[in-house]
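Here the structure is laid out as structure tokens; the discussion comes afterwards.
In my numbering, the protein residues as written are 52 to 190.
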């Protein structure tokens with residue numbers, strides 16, 4: 052049970068950190084760049100976080116332990132497919148309005164992945180330091 056709490060807490064921290072860092076970069080872009088860049092980057096951050104949230108809902112609603120009751124919600128699969136429709140609609144709308152900047156949109160989506168990678172490295176470094184401290188005390 053404790054492992055599940057840590058995992059859910061990790062995802063909450065990942066969402067929060069991604070939105071905060073994405074918001075700070077968006078504010079920086081507001082001060083230095085044009086509105087096209089700001090919109091594309093902010094949409095990229097929201098799309099990245101939205102994709103992860105939908106995947107989290109899908110996993111928590113479809114995968115159960117053998118002794119648990121089957122999930123009651125069948126909409127999770129529809130959301131997994133529907134997220135690509137939202138992405139395509141966003142790309143189409145931005146292209147129609149001649150507001151699409153693929154590099155900034157991709158950078159916004161990549162923000163989640165960068166934050167995730169940095170958090171995992173932080174966990175690995177913290178865990179190895181705690182392990183070293185524990186071994187040092189045992190000697």
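No residue lacks a Cβ here, since even glycine has one placed at the ideal position from N, Cα and C.
I think residue 96 touches residue 162, with their Cβ atoms under 8 Å apart; what is that distance to the nearest whole Å?
Taking the Cβ atoms as the reference, residue 96 lies roughly 5 Å from residue 162, within the contact range of under 8 Å.
Cβ distance (whole Å) where residue 170 is taken to contact residue 65 below 8 Å:
Residue 170 to residue 65, Cβ: 6 Å. Contact.
Answer yes or no: the CB of residue 68 versus the heavy atoms of the ligand MG, is any distance below 7 Å?
What this structure holds is no ligand at all, so the ligand MG is not there to describe.
Count the other C-beta atoms from every protein chain shown that fall within 10 angstroms of the C-beta of residue 129, then say buried if there are 16 or more, exposed otherwise.
With fewer than 16 Cβ atoms within 10 Å of its Cβ, residue 129 is classed as exposed.
Nearest-angstrom beta carbon gap, residue 166 and residue 68 [assumed within contact, 8 Å]:
5 Å between Cβ atoms; contact.
Whole angstroms are fine: how far does the CA of residue 91 sit from the CA of residue 145?
Using only the alpha carbons, I get a separation of about 8 Å.
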